[in-house]
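A short write-up of the structure that comes next.
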Amino acid sequence: DTDNSGSIDVEELRVALLKLRIPYAAIADVFTSFDSNGDNKICRDEWKAGCDAGLLQLALKTKAPEIEAVLDDSMSNDAIVVCGFGKMGRAVYEMLDSTGDLKNDLVAFSLDPSRVTAGALSGAKVIFGDGARYDLFKAVGVKTPRAVLITFATQSRRVNAVKRLKQSLPESTPIYVFAENERNCAELLKLGVDEVVNETTEAALRFTNVLGLSTTAMQTDALRSNILNSSRKDSVTSFKSVKDDIIPGWTEIGLSDLAEEVNLTPDDLIKLY
Numbered sequence: 002d003t004d005n006s007g008s009i010d011v012e013e014l015r016v017a018l019l020k021l022r023i024p025y026a027a028i029a030d031v032f033t034s035f036d037s038n039g040d041n042k043i044c045r046d047e048w049k050a051g052c053d054a055g056l057l058q059l060a061l062k063t064k065a066p067e068i069e070a071v072l073d074d075s076m077s078n079d080a081i082v083v084c085g086f087g088k089m090g091r092a093v094y095e096m097l098d099s100t101g102d103l104k105n106d107l108v109a110f111s112l113d114p115s116r117v118t119a120g121a122l123s124g125a126k127v128i129f130g131d132g133a134r135y136d137l138f139k140a141v142g143v144k145t146p147r148a149v150l151i152t153f154a155t156q157s158r159r160v161n162a163v164k165r166l167k168q169s170l171p172e173s174t175p176i177y178v179f180a181e182n183e184r185n186c187a188e189l190l191k192l193g194v195d196e197v198v199n200e201t202t203e204a205a206l207r208f209t210n211v212l213g214l215s216t217t218a219m220q221t222d223a224l225r226s227n228i229l230n231s232s233r234k235d236s237v238t239s240f241k242s243v244k245d246d247i248i249p250g251w252t253e254i255g256l257s258d259l260a261e262e263v264n265l266t267p268d269d270l271i272k273l274y
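According to our numbering, the sequence shown is numbered sequentially starting from 2.
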């Protein structure tokens, strides 16, 4: 309680536990567990109750990756957060880091210890933990992220992360998400994210570039905007149609995508089902 306020906030806890080499994920767990009334501070009674319950002892035993990035006090309070450090997450992190403008303004999270270790060894600021936990952001010193980039490989993971972060982040925090196709894009836009970077759309735009059909940034942006607006309209209505629910869990768009992958027509798939 460095400011003698009679309670401990997340920043005070973070500084104290980092000196004991407690992993960031454990710091977030300790604060959430001790703060029993959810007022974002730990009073003396809460601290005593948590210690009596063995919560601090449990945190000291928490195992983290052999190597994890250690962030110093120069980490920006409004750093950009990359959720996930898989193929896409790492590519996004490295691209942003290569600009040279985000020295203390960029951090990534991953639940894969091997990826955290590999990232840390390469100099990346990768922290072990669930990237959809705002309390973990605060544990590393990022309270008002400039933007959150969700790069998880599966749609279910992305949807889960968006729902949780929308509930916990400061209201004005921009959330940008990676998705593979229009169907996933529409679902994410419906959840209220600020923008979805659509893999299919970006590939299509690249083809227009290499064919000389879109030669300026303005033309490319206009095409991207048209596609994005179309996706937003699809998300406002519903992406169900007359053929939906013929195969439970699949929309017509989903069936169409699958049919193209296996070189069949949607009707062929329905007959097979």
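Glycine included, C-beta positions come from ideal geometry on N, C-alpha and C.
Cβ neighbour criterion (16 or more within 10 Å) applied to residue i
| i | result |
| --- | --- |
| C84 | buried |
| P24 | buried |
| S6 | exposed |
| G39 | exposed |
| C186 | buried |
| V178 | buried |
| Y135 | buried |
| V275 | A question about residue 275 goes unanswered here, because the residues of the chain that appear run from 2 up to 274. |
| D98 | buried |
| I276 | Outside the shown range of the chain (2 to 274) lies residue 276, about which nothing can therefore be said. |
| A184 | Ala is not the amino acid found at residue 184; the sequence shown has Arg there. Under this definition R184 is a buried residue. |
| D36 | buried |
| T1 | What the structure shows of the chain is the stretch from 2 to 274, and residue 1 is not part of that stretch, so it cannot be assessed. |
| Y274 | exposed |
| V263 | exposed |
| G142 | buried |
| V16 | exposed |
| R45 | exposed |
| L1 | Only positions 2 to 274 of the chain appear in the structure, and residue 1 is not among them; the question remains open. |
| K1 | Because residue 1 is not part of the residues shown, which for the chain are 2 to 274, the question remains open. |
| P146 | buried |
| G132 | buried |
| L1 | Residue coverage of the chain in this structure runs from 2 to 274, which leaves residue 1 outside it and unanswerable. |
| E95 | exposed |
| L137 | buried |
| T174 | buried |
| K42 | buried |
| L214 | exposed |
Under the three-state DSSP convention, the category residue i falls into
| i | result |
| --- | --- |
| S8 | strand |
| L137 | helix |
| S257 | helix |
| A162 | helix |
| E196 | strand |
| L150 | strand |
| S111 | strand |
| A204 | helix |
| V211 | helix |
| I271 | helix |
| V117 | helix |
| V143 | coil |
| V93 | helix |
| A218 | helix |
| A80 | coil |
| A180 | strand |
Any non-hydrogen atom of the ligand FAD closer than 7 Å to residue i Cβ
| i | result |
| --- | --- |
| G55 | You won't find the ligand FAD in this model; it holds no ligand whatsoever. |
Presumed contact (8 Å Cβ cut-off) between residue i and residue j, rounded CB distance
| i | j | result |
| --- | --- | --- |
| A180 | N199 | 6 Å |
| A140 | A29 | 4 Å |
| A77 | D102 | According to the sequence provided, residue 77 is Ser. The question's Ala does not apply to it. 12 Å between Cβ atoms; not a contact. |
| A50 | G130 | Not confirmed; about 25 Å, so no contact. |
| N210 | T221 | 7 Å |
| N182 | D258 | 6 Å |
| P249 | A260 | Actually they do not touch by this definition, with Cβ atoms about 17 Å apart. |
| V160 | E196 | No, V160 and E196 are not in contact; Cβ-Cβ is about 16 Å, not under 8 Å. |
Validate contact between the segment 120-127 and the segment 43-59 using beta carbons, cut 8 Å, 3 pairs: With the cut-off at 8 Å, the segment 120-127 and the segment 43-59 do not touch.
At least three beta-carbon pairs within less than 8 Å, the segment 80-95 to the segment 145-155: Here the segment 80-95 makes contact with the segment 145-155; the two share three or more CB pairs at distances below 8 Å.
Cβ contact check for the segment 163-170 and the segment 114-121: 3 or more pairs under 8 Å: Here the segment 163-170 makes no contact with the segment 114-121; the two share fewer than three CB pairs at distances below 8 Å.
Meets three-Cβ-pair contact criterion under 8 Å: the segment 188-196 and the segment 204-211: Flag = no, the segment 188-196 and the segment 204-211 do not touch.
Length-filtered (4 minimum) alpha helix (DSSP H) runs lying within the segment 6-52: The qualifying runs are 11-19, 25-35.
Contact between the segment 5-23 and the segment 94-114 (3+ Cβ pairs under 8 Å): In short, these stretches do not touch, since the Cβ pair count stays below three.
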